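A.B. asks: I have a structure here, written as structure tokens, and I will follow up with some questions on it.
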Amino acid sequence: MDNKVAAVTMRNITKRFGPVLANDRVWLDIYRGEILALLGENGSGKTTLMNMLSGIYFPDEGEIAIDGKPVVIRSPRDAFELGIGMIHQHFKLVDVLSAAENIVLGLPGKLDLKAAAQKIRAICDAYGFEVDPEQKIYDMSVSQKQTVEIVKVLYRGADILILDEPTAVLTPQETDKLFAVLRNMRDDGKAVVIITHKMHEVEALSDRVAILRHGQFIGDMPTKNTNAQEMTNMMVGHAVTLNIDRPEPEDPRPRIEVKDLTVRDVEGTVKLDSVSFTAYTGEILGIAGISGCGQKELLEAIAGLQPVEAGSISYINDDGSREELLGKDPLAIKDMGVALSFVPEDRLGMGLVGNMDLGKNMMLRSYRSGKGVFINRRAPYKLAREMVDFLEIATPSVETPVRRLSGGNVQKVLVGREISNAPTVLLTAYATRGLDINSSYLIYDTINTQKMRGVAVLYVGEDLDVLLELADRILVLCGGKVSGIVPGRGAKKRDVGLMMTKLGGNAHEQ
Amino acid sequence: MNNKTRTPLFHVARRAALPWYKSWAIRGGAVLLALLVCGLITTLVTGEDPIAVYAAMWAGSFGTSRRIWVLLQNIAMLLCVSLAVTPAFRMRCWNLGGEGQALIGCLASAACMILLSGKLSNGLVILCMIVTSILAGAVWAGIPAFFKAKYNTNETLFTLMMNYVATQLVAYFCVVWENPKGSGQIGIINPNSQIGWFPVIAGQKYLLNILVVAVVCVAMHIYLNYSKHGYEIAVVGESERTARYVGIKVERVIVRTMLLSGALCGLAGLLLVGSTNHTLTPTLVEGRGFTAVMVAWLAKFNPVWMILTSLLLVFLSRGAGEIATNFGLNSSFGDILTGVILFFIIGSEFFINYQIKLTKGAGKEK
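Residue numbers (the numbering used here), protein chains in the order written: chain A, 1 to 510; chain B, 1001 to 1366.
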């Protein structure tokens, strides 16, 4: 590699957000004809570093050079002129426009959709994309939208591509397709950077890996010269084990029985279609599926937050008596004596209040307790202090607003509060999304502890590798229907992946 | 390689939370700077001595003990309306109808005074005034709240429109109850019997209002920060989804809080009619319902800080009036100075939240 001139050279890049040092004198080289995996835990500064390359942030210190020439990137426009294109985690597309319209949006010159469509097709043919230039964005799947984002960047002539966690929203099959495209681009001489924290993606795709930790550049090396364990250790800073416990369920008894549950959203689209299953005590029921296949509606229906069109959700007491949860709001469910805890996907938008401190967030569940019009503030703050110790929450104090905490600590606050009232049912949605490895394992352990206590756990997950290791059974949702329920032990990733995209998976093929 | 010239000289970055003394130092600096700029403008435009102008401003508010009482009364009434809109604002429900809610309270009080005098004893008339004006304010806020809770209508427009309805209603009744006939005005109500006039405490006409509002201020502070209701308001304001998630009935909280908001506006109307003015005009509230929005925002919805921000705004407006009369300037000149000062105060918040960083090495040879 020494004979190549780096497409991008970043030297001594430093970026601060207030007191937080997001990037600390980072060195990074990006070469053409190579896929670089930028690896690091959440909050290690990967996205910040790439945002400086794509003109979203401006570095406090340091130099950037493109093909050996020093440059100043002040805006995304500057970045585009230098051939740098970034595909963000959250797509920036206009829903009511077609793919072609989105792609040419904001470009100077006369609007010629026909010529644009032709150029788009040429790009697609060259790299193996499938995009219909006429298709409207709202008709597209997440993976198609991502493709449009990538084509948009290529259309503008980018030859240095940065993808921020591109696989977070994809099924295994879609991921494979994306990787094939990225390899084509590499072979075409483009420089490709993918930001990720998934080890197997690094191994499957990248030629070189660069690792960041706490904003500092730890090292880079050819991917073939390293392995998952070494990379993990570099990422975390110390040796970690990568196995998740899965104790056998003890004395499982039915706890929640869902029958023929059908849910429509406000637009009348069916989100859940005759879903039936039973969740048992002392068991983790994993729920897999492409995002937006009804996972959210399912959990929210059980938690009393989602209007339901038909079906029933029974809570089965220890003595076998049943109670209907449908049609009851969270307060009514609590008043029935059902200790139901819910860790929702949207932590700061639903589970917690970002601008409130830890104590006040603990209060969310308990503020009604006690007589009188005034709030008992002492108990929740005491609980908050206990949680800080118990879950090792890194916070200046329990009076700190939770939005100031890192993603992992925010989640610990939420999970801590939800398990503090000794639940019998625990619903979790993407409990470890965006969390670093240490925090993730702490959450897995906490969930396992609840399982051992006899709690019926519903675990909605996106990382199939984790689901396959953690869950006792896996319920696969596909387009709002139950595609199948498989035992977690011995399930194959490929099979579950197929079930996610097609009802019943490969059973139909045979 | 002449890219270096393109390096921006500075960029804006978010600050970490500043300690309170630093942020207050920035605010204080902003006020000083504002006074300096105002002085410059005064000298350049009018040729008056800026020090004399400031002295006149000061004298306008603190010149005599009577002026101090008027100042305090104005602060109290502005504070009362500001406190009234605050619970709604904390809930991110933009009640811009404080003006109309207070005015409808005025109307209810005046109606009691006019229609019930001679029929009920003074005490009962006052009791009726209290009940009806508070109720009227609550209803005036309750109508938009109901529609917001039930049909998710926009409360900003709705409450704003209710102001005009209230103004027109009052204008109508001013004609109906005109006194003397043909004047189109109500004039002082019950000037001789003084029925429905609130008692004067310790010989100070304005003391009652000031005391009532002081109590409301403390009560509001406690209600918002220490009660279960106050907590629910904060949660609904921060995130309705979180509120539903923990089982708070969002619609109920919206209606309840708006009723409280309107009731306190009604109280302000009651005090204006019963205690201070003893009359009814369509402009009796003097735009306080709108100024209150600024008072509440400047104080970041903190009832105690609102004492300071309403003092500031009342001081500025009285000072502006004083300058206009003393120096024979157009009254708009006072408004210009007020505008400049507010611009600096509001602008200082930017420097509390953000800092300007000079780019290191900008323009230097590499």
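Positions of the beta carbon are idealized from the N, C-alpha and C atoms, including for glycine.
Treat the numbers as computed from the prediction; the structure is a model and nothing was measured.
Going along chain B, which residues have a C-beta under 8 Å from A/R368?
C.D. replies: Indexing the first sequence from 1 puts residue 368 of chain A at position 368. Those are K1228, listed as they occur along chain B.
A.B. asks: Taking contact to mean 3 or more Cβ pairs, one atom from each stretch, closer than 8 Å, check whether the stretch 226–243 of chain A and the stretch 259–269 of chain A are in contact.
C.D. replies: no
A.B. asks: Using a Cβ-Cβ distance cut-off of 8 Å, determine whether B/N1003 contacts chain A.
C.D. replies: Taking the first residue of the second sequence as position 1, residue 1003 of chain B is located at position 3. Bear in mind that the predicted position of B/N1003 carries a pLDDT of just 43, short of 50, making it unreliable; the figure below should be weighed with that in mind. Answer yes: the Cβ-Cβ gap between B/N1003 and chain A drops below 8 Å somewhere.
A.B. asks: Using a Cβ-Cβ cutoff of less than 6 Å, which residues in the same chain neighbour B/S1133 once the five nearest sequence positions on both sides are dropped?
C.D. replies: For this step, residue 1133 of chain B is matched to residue 133 along the second sequence. G1105, A1108, S1109, G1266, G1269 and L1270.
A.B. asks: So, helix, strand or coil for A/Y280, using DSSP?
C.D. replies: Residue 280 of chain A sits at position 280 when you count from the first residue of the first sequence. In the structure shown, A/Y280 sits in a strand (DSSP, three-state: E or B).
A.B. asks: Tell me the rounded alpha-carbon separation between B/N1002 and A/G85.
C.D. replies: By one-based count along the second sequence, residue 1002 of chain B stands at place 2. By one-based count along the first sequence, residue 85 of chain A stands at place 85. Residue confidence is low: B/N1002 scores 42 on pLDDT, short of 50, so the model does not pin down where it sits. No coordinate-derived value is stated.
A.B. asks: For a contact meaning CB atoms closer than 8 Å, what does B/H1011 contact in chain A?
C.D. replies: Within the second sequence, residue 1011 of chain B is the residue found at index 11, counting from 1. Near B/H1011 (Cβ distances below 8 Å), the residues of chain A are F58.
A.B. asks: Check whether chain A comes within 8 Å of B/G1123, counting only Cβ atoms and requiring the distance to be less than that.
C.D. replies: Translated into the one-based positions of the second sequence, residue 1123 of chain B becomes position 123. For B/G1123, the answer is no, since every Cβ of chain A falls outside 8 Å of its Cβ.
A.B. asks: Determine, using beta-carbon pairs with one atom in the stretch 38–50 of chain A and one in the stretch 60–77 of chain A, whether at least three such pairs fall under 8 Å.
C.D. replies: Too few Cβ pairs lie closer than 8 Å, so no.
A.B. asks: Any idea if A/Q146 is buried or exposed, counting beta-carbon neighbours within 10 angstroms, 16 or more meaning buried?
C.D. replies: Taking the first sequence and counting its residues from 1, the one referred to as residue 146 of chain A is at position 146. With 16 or more Cβ atoms within 10 Å of its Cβ, A/Q146 is classed as buried.
A.B. asks: For chain B, find out if any of its Cβ atoms is closer than 8 Å to the Cβ of A/N513; answer yes or no.
C.D. replies: Residue numbering for chain A in the displayed model covers 1 to 510; residue 513 of chain A lies beyond these limits and cannot be assessed.
A.B. asks: What's the call for A/L111, buried or exposed, on a 16-neighbour Cβ count within 10 Å?
C.D. replies: Looking up residue 111 of chain A in the first sequence gives position 111. A/L111 comes out exposed.
A.B. asks: What residue range does the beta strand (DSSP E) around B/T1276 cover?
C.D. replies: Taking the second sequence and counting its residues from 1, the one referred to as residue 1276 of chain B is at position 276. Element bounds for B/T1276: n/a, residue is neither H nor E.
A.B. asks: A/G416 by DSSP, collapsed to three states: which one?
C.D. replies: In the first sequence, residue 416 of chain A corresponds to position 416, counting from 1. Helix.
A.B. asks: Measure the alpha-carbon distance for B/N1330 versus B/A1324 and round it to whole angstroms.
C.D. replies: As a first step, residue 1330 of chain B must be located in the second sequence, where it is residue number 330. As a first step, residue 1324 of chain B must be located in the second sequence, where it is residue number 324. Approximately 6 Å, taken between the alpha carbons.
A.B. asks: CB of B/P1199 to nearest heavy atom of the ligand PLP: below 7 Å?
C.D. replies: With respect to small molecules bound, the structure shown includes none, and the ligand PLP cannot be examined in it.
A.B. asks: Does B/G1363 come within less than 8 Å of chain A when only Cβ atoms are used?
C.D. replies: What you label residue 1363 of chain B is simply residue 363 of the second sequence in a count that begins at 1. Caution applies to B/G1363, whose pLDDT of 44 falls short of 50 and renders its modelled position unreliable; the model cannot decide the point.
A.B. asks: Do B/A1145 and B/L1372 have their beta-carbon atoms positioned less than 8 Å apart in this structure?
C.D. replies: Because chain B here runs from 1001 to 1366, residue 1372 of chain B falls outside it and cannot be looked at.
A.B. asks: What do you get for B/G958, buried or exposed, if any count of 16 or more other CB atoms within 10 angstroms of its CB means buried?
C.D. replies: The structure shown does not extend to residue 958 of chain B, since chain B is modelled only from 1001 to 1366, so the question has no answer here.
A.B. asks: So which residues on chain A does B/R1252 lean against when the C-beta distance must stay under 9 Å?
C.D. replies: Here residue 1252 of chain B refers to the residue found at position 252 of the second sequence. Residues of chain A passing the Cβ test: none, with the nearest at roughly 11 Å.
A.B. asks: Hey, could you find the ends of the beta strand (DSSP E) A/R11 is sitting in?
C.D. replies: Counted from its first residue, the first sequence places residue 11 of chain A at position 11. Counting along the chain, the unbroken beta strand (DSSP E) around A/R11 starts and ends at V8 to F17.
A.B. asks: I'd like to know whether the C-beta of B/E1155 is nearer than 8 Å to at least one C-beta of chain A.
C.D. replies: The count along the second sequence starts at 1 and reaches residue 1155 of chain B at position 155. Chain A, which has no Cβ nearer than 8 Å to the Cβ of B/E1155, makes this no.
A.B. asks: Please return the same chain residues whose Cβ sits closer than 6 Å to the Cβ of A/G304, not counting the five positions on each side in sequence.
C.D. replies: By 1-based counting over the first sequence, the position of residue 304 of chain A is 304. The residues are K328, D329, P330 and I333.
A.B. asks: Closer than 8 Å, CB to CB, is B/F1351 near chain A or not?
C.D. replies: The residue labelled residue 1351 of chain B in the question sits at position 351 within the second sequence. No, B/F1351 does not count as interfacial toward chain A.
A.B. asks: Can you tell me whether B/S1183 is buried or exposed? The criterion is at least 16 other CB atoms within 10 Å of its CB, across all chains shown.
C.D. replies: Here residue 1183 of chain B refers to the residue found at position 183 of the second sequence. Classification for B/S1183: exposed.
A.B. asks: Starting from A/D164, trace the beta strand (DSSP E) in both directions and tell me its first and last residue.
C.D. replies: Translated into positions along the first sequence, residue 164 of chain A becomes position 164. Where A/D164 is concerned, the enclosing beta strand (DSSP E) starts and stops at I160 to D164.
A.B. asks: How would you list, in chain order, the residues of chain A whose beta-carbon sits under 8 Å from the beta-carbon of B/K1357?
C.D. replies: As a position in the second sequence, residue 1357 of chain B is number 357, starting the count at 1. Near B/K1357 (Cβ distances below 8 Å), the residues of chain A are D60.
A.B. asks: Does the beta-carbon of B/Y1172 have 16 or more other beta-carbons within 10 angstroms, so that it is buried, or is it exposed?
C.D. replies: Taking the first residue of the second sequence as position 1, residue 1172 of chain B is located at position 172. When all chains shown are included, B/Y1172 counts as exposed.
A.B. asks: Going by Cα to Cα distance, which pick from A/D495, A/N355, A/F217 and A/L414 is closest to A/L464?
C.D. replies: What you label residue 464 of chain A is simply residue 464 of the first sequence in a count that begins at 1. Nearest option by C-alpha distance: A/D495.
A.B. asks: I think A/K296 touches A/A429, with their Cβ atoms under 8 Å apart; what is that distance to the nearest whole Å?
C.D. replies: Position 296 of the first sequence holds residue 296 of chain A. Position 429 of the first sequence holds residue 429 of chain A. Cβ-Cβ separation between A/K296 and A/A429: approximately 7 Å, consistent with a contact (criterion under 8 Å).
A.B. asks: Relative to the C-alpha of B/G1247, which candidate in A/G292, A/D29, A/A180 and A/S366 has its C-alpha closest?
C.D. replies: Start at 1 with the first residue of the second sequence, and residue 1247 of chain B comes out as number 247. Considering only alpha carbons, the answer is A/S366.
A.B. asks: Between A/V343 and A/A431, how many whole angstroms is the CB-CB distance? I'm expecting something under 8 Å.
C.D. replies: Looking up residue 343 of chain A in the first sequence gives position 343. Looking up residue 431 of chain A in the first sequence gives position 431. Confirmed, about 6 Å.
A.B. asks: Using 8 Å as the threshold, is the C-beta distance between B/T1159 and B/L1096 below it?
C.D. replies: Sequence index remark: in the second sequence, residue 1159 of chain B carries index 159 (1-based). Sequence index remark: in the second sequence, residue 1096 of chain B carries index 96 (1-based). Result yes, Cβ atoms of B/T1159 and B/L1096 sit closer than 8 Å.
A.B. asks: In chain order, what residues of the same chain lie with their CB nearer than 8 Å to the CB of A/R77, ignoring the 5 residues before and after it?
C.D. replies: The residue you call residue 77 of chain A lines up with position 77 of the first sequence. Here the set comprises G55.
A.B. asks: Look at the Cβ atom of A/I287, then the Cβ atom of A/V169, and state whether they are nearer than 8 Å.
C.D. replies: Walking along the first sequence from the start, residue 287 of chain A turns up at place 287. Walking along the first sequence from the start, residue 169 of chain A turns up at place 169. At least 8 Å separates the beta-carbon of A/I287 from that of A/V169.
A.B. asks: Within this structure, are the beta carbons of B/G1029 and B/W1140 separated by less than 8 Å?
C.D. replies: As a first step, residue 1029 of chain B must be located in the second sequence, where it is residue number 29. As a first step, residue 1140 of chain B must be located in the second sequence, where it is residue number 140. No, the pair does not count as a contact, with Cβ atoms beyond the cut-off.
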